[in-house]
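S.K.: Just so you know, we're using the numbering used here here: the sequence shown kicks off at -16 and counts up by one.
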Amino acid sequence: MENPRQHPAFEVVFKPGNLSFGFVLPLTCAGQTRPDPLAQLDFARLADRLGFTALWVRDVPLNSPDYPDPVEHLDPWVHLGAVAVATERITLITGAIVSPLRHFIHTAKGAASVDHISRGRFLLGLGSGDRPGEFRSFGQELSGAAEQFRENWQRISKLLDNDGRLDPSGATADANAQIRPRLLHGSIPMLAVGSAGQTIGWIARNACAWATYYRPLARQRDRYAIWRAAVEKADPAKSPAFASSLRLQLEDNAHAPTQQLDLGLRTGRNGLIEELLALREMGAQHIMFNLTGDERPAEEVMQELALDVIPRFR
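1) Determine whether the beta carbon atoms of P172 and R(-12) lie at a separation below 9 Å.
2) Can you confirm whether the stretch 26 to 43 touches the stretch 229 to 236 when touching is taken to mean that 3 or more C-beta pairs between the two stretches lie within less than 8 Å?
3) For L8, which of helix, strand or coil comes out of DSSP?
4) Give the DSSP-derived three-state secondary structure of S3 in the structure shown.
5) Mind checking E264: buried by the 16 CB within 10 Å criterion, or exposed?
6) Does Q242 pass the burial test, meaning 16 or more other C-beta atoms within 10 Å, or should it be called exposed?
7) Pull the bridge partners of I76 from the DSSP assignment, please.
8) Mind checking which residues open and close the beta strand (DSSP E) that includes R230?
9) Should D245 be labelled buried (16 or more other beta-carbon atoms within 10 Å of its own) or exposed?
10) Roughly how many whole angstroms lie between the Cα atoms of P51 and T11?
11) Less than 9 Å between the beta carbons of G180 and F132, yes or no?
12) Out of curiosity, what's the CA-to-CA distance linking R32 and F272?
13) Does the stretch 197 to 217 come close enough to the stretch -12 to 4 that 3 or more CB-CB pairs lie under 8 Å?
14) Determine contact between the stretch 93 to 112 and the stretch 65 to 81, defined as no fewer than three beta-carbon pairs at a distance below 8 Å.
15) Just to confirm the assignment, what range does the alpha helix (DSSP H) spanning I139 have?
16) Kindly confirm or deny that the stretch 122 to 136 and the stretch 80 to 97 touch, where touching means at least three C-beta pairs closer than 8 Å.
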């Protein structure tokens, strides 16, 4: 099997010294809780045509008034299958599959299926989940999520690294059973999304990349420095591949001042470019935009990013 970090889709998203850009789906306006699935496919096609690098899809099994995010999310595997067919070049990433709530064989099967449908454009992001009520609905407790995450990570990794074969050491495993279809590039890179209850050292030893949420620049620099040191300790030859989400309200005035939002920024494109240049200098390799606000259509913001922001980073 090839080194997952040499996977073509991984190398497009994570290049040392380069900053690439993607979007978190669904793209919604403020107050919109029921996004149109067909409109989301149009957004995906537009992002692909405009040359963005990645589309990220979340795993939200249940909605509840107790949860902070009221938006309805499609099942991630169904959503990714549709997006894979609707697009041609853009990389597809789970951000993230709630691994403890899914059987590891189902997760590996879903990953192999999207890999096949997308012709090798898929990266597998795994998280641990953080909603106690959701875990109880699945007959589990959040207190066991971190350990279950580690166990499932190793099982999924072995399954994707063993020609789709189950671990023969399993007491009831069928030694002749395989997950099909076969992976197009012999591997699927696995990303840790959030800390998942793990140490940074564990993530550095096991994940191809780490994706985390937005923090103000000074705090993000400190966090990245810890990550870089952990990666250098785990494998000095390994690049500290790092991605961050960024909630973005992009104003139509390019000179609008920058204001901090929860997990992001409200700013004009000049302020955004300044922030992104600093993130690239820090060492970040990918930014996933989470577009919010209802003052501008998402298509308009995507066009401005593609025409006036992204070219500064090529």
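Just so you know, even glycine gets a beta-carbon here, dropped at the ideal spot from N, CA and C.
Being a predicted model, the structure only gives us computed values, none of them experimental.
M.R.: Taking the geometry as given:
1) yes
2) no
3) strand
4) strand
5) exposed
6) exposed
7) W39 and L106
8) F225 to L233
9) exposed
10) 15 Å
11) yes
12) 17 Å
13) no
14) yes
15) A128 to D144
16) yes
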